[in-house]
Structures are given as structure tokens and as C-alpha cells.
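Enquirer:
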Amino acid sequence: MDGLTASGFVVLNERYSRFLDDRGINYRSPHISLFYKLFRAHLSDLSEIITKYSSRAWFRVGPSKGSSKELMMLRLIAVQLEEVLRLWSSLQADRSNSSGEGVCVDARDVQLCDALDTLYELEETAEQMGIPDFKRLIVDQYEDTDCTCSHCVPNAAKHHPLMWESAQRYFLHNEDVSPAMFERVFAYVRESAISQDNIRM
């Protein structure tokens, strides 16, 4: 994949690329660099908050009076974070997970991207709920400039047809990627690729 092979990471779609050493992931746009060790630490912190919410003392004196909805949301986030770490750890343990073409070829990358999307949505909901002591792990970078990573500059969209081609080749009929998951993960690059094809026609 011209333009992606020397970038230092393998690319899945417009919002997910994994470092070649598997320790980090670029996610969303502008890309946020996520690191495995920080996710592990965040899970530990979140477990402490859940323990506090679950205690009778917190229910008596906590500012939210121990809202069951808040506790349930925190537990959902913890479960989702554990799933992200499980998939990520599995990729770290198996170094034969890239094609040498600069693209992701392992179904676990699709699953991990989908899991991160779910975690992002859960954290967004928790933030809107105003849960005391809760801090988001995945925080958008609102910047005036576009992402400057090597597969976004000078033109991120130019890579979308290549991403879509790879998605179809490696994941469209992959038994570990459901049709619904495929649609969620690759819908944007598909539409962008089709749009570019129509313009060229």
C-alpha cells in the first residue's frame, strides 16, 4: 500500500492504526495516541471508583447518593475496558498480525476498533451523566488543524480506496468479523472510496 508501508504502523480505517510494536494505537481524528499500559492503569483506577460506589458508606454520603444508574454505567465501562485489553493483549502476544503492506490483516484489529468505538460511546454517556470522580480515558483533541500523522498528510482521503480494498480482501468474508461489525468499522471508508471512484468516472 503505497504511502503506508513506511509509516511505523499498520492501518485499518480512517480512525484506527496500530503501532508496529503493538504498544500503541492511533484512534479517531485528529488521531489520539492510546497506550496499552495507560489502559491497564485506568482499569485499576476505575475499579477503585466502582468499589467506592458499591460501598454502603458512599451510598450514605456520596453526592449522587449512590445512583444505581451511575454504578451500572461504571461497571459497563469496566467490562468494555477489559474486552479492549483482552484483544490488545492477544495482538501483542502474536507478532504475525500484519501483512507487510502497511495494513491490518488480523480480525482482532477489527474487533478492537469496534470495542474502542463502544468504549468511547460509553465514556461519552458517563461524562454526560456527570458521574463524580469519573474521568474519560479517550478524550477528543479539538484542534484547529487536521491530523498530521503520516497517513493523513497531505491527503487522508486518498488512502480510503486502499483501505476499503483491504477491508474487502481480508475481512468481508472473515468468520471472525460479523456483517454488522464490518459495516460499523468500514462504512466511512467505503462511502469515501465510492465517492472518489464516482468523481474519477
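Per the UniProt record's numbering, the sequence shown starts with residue 1, numbered consecutively. Glycine included, every Cβ here is placed at the ideal spot set by N, Cα and C.
Is the beta carbon of R15 closer than 9 Å to that of D109?
Expert: In this structure, R15 does not lie closer than 9 Å to D109 by Cβ.
Enquirer: Give every residue of the same chain whose Cβ lies closer than 8 Å to the Cβ of P154, excluding the five residues on either side of it in the sequence, and list them in chain order.
Expert: For P154, the pLDDT reaches just 47, beneath the cut-off of 50, and the residue's location in the model is therefore unreliable, although a value from the coordinates is still provided. Excluding residues within five positions, none has a Cβ falling inside 8 Å.
Enquirer: Check whether the Cβ atoms of C104 and S166 sit closer than 9 Å, and answer yes or no.
Expert: Yes, the Cβ-Cβ distance between C104 and S166 is below 9 Å.
Enquirer: Is M72 buried or exposed, if buried means 16 or more other CB atoms sit within 10 Å of its CB?
Expert: Exposed is the call here.
Enquirer: Can you list, in chain order, the residues of its chain whose CB lies under 6 Å from that of L12, leaving out five sequence neighbours each side?
Expert: Excluding residues within five positions, the ones whose Cβ falls inside 6 Å are C104, D109, C113.
Enquirer: For Q111, which option in L20, S44, F9, M181 has the closest C-alpha, if you only look at C-alpha atoms?
Expert: Ranking the options by Cα distance to Q111, first place goes to M181.
Enquirer: For E131, name the three-state secondary structure that DSSP assigns.
Expert: Residue identity check: residue 131 is Ile in the sequence provided, not Glu. In this structure, I131 counts as coil in the three-state DSSP scheme.
Enquirer: Here's a check: name, in chain order, each residue in its chain whose Cβ is nearer than 6 Å to the Cβ of A57, leaving out the five neighbours to either side.
Expert: With a pLDDT of 48 at A57, under the threshold of 50, the predicted position of this residue should be treated as unreliable, though the coordinate-derived value follows. Excluding sequence neighbours, A57 sits near nothing in its chain.
Enquirer: Do the segment 28-44 and the segment 127-143 touch if we need at least three Cβ pairs shorter than 8 Å?
Expert: A contact exists between the segment 28-44 and the segment 127-143.
Enquirer: Please go through the same chain and pick out, in chain order, the residues whose beta-carbon is closer than 6 Å to the beta-carbon of Q92, but skip the five residues on each side of it.
Expert: The answer, listed in chain order, is D22.
Enquirer: Could you give the distance in angstroms between the alpha-carbon of K135 and the alpha-carbon of D117?
Expert: Each residue's Cα considered, the two are about 17 Å apart.
Enquirer: Comparing the C-beta of R75 with each C-beta of chain C, is any distance below 9 Å?
Expert: Among the chains of the structure shown, chain C does not appear; only one protein chain is present.
Enquirer: Since I believe A187 is in contact with H160 (beta carbons under 8 Å), could you give me their beta-carbon distance rounded to a whole number of angstroms?
Expert: Between A187 and H160 the Cβ distance is about 12 Å, and since that is not below 8 Å, they are no contact.
Enquirer: Looking only at C-alpha atoms, which of L20, G24, F9, R28 sits nearest to V185?
Expert: When each option's Cα is compared against that of V185, the closest is R28.
Enquirer: Would you mind giving the Cβ-Cβ distance between I131 and L76, rounded to the nearest angstrom? I have them listed as a contact below 8 Å.
Expert: That belief does not hold up - the Cβ atoms of I131 and L76 are roughly 12 Å apart, past 8 Å.
Enquirer: Hey, quick one: how far does the alpha helix (DSSP H) through L172 stretch, first residue to last?
Expert: No alpha helix (DSSP H) holds L172; DSSP gives it neither H nor E.
Enquirer: Quick check on the burial criterion: 16 or more other C-beta atoms within 10 angstroms. Buried or exposed for E123?
Expert: The residue is buried, with at least 16 neighbouring Cβ atoms inside 10 Å.
Enquirer: Rounded to whole angstroms, what's the CA-CA distance from S68 to E175? Just pull it up for me.
Expert: Answer to the nearest angstrom: the Cα atoms are 38 Å apart.
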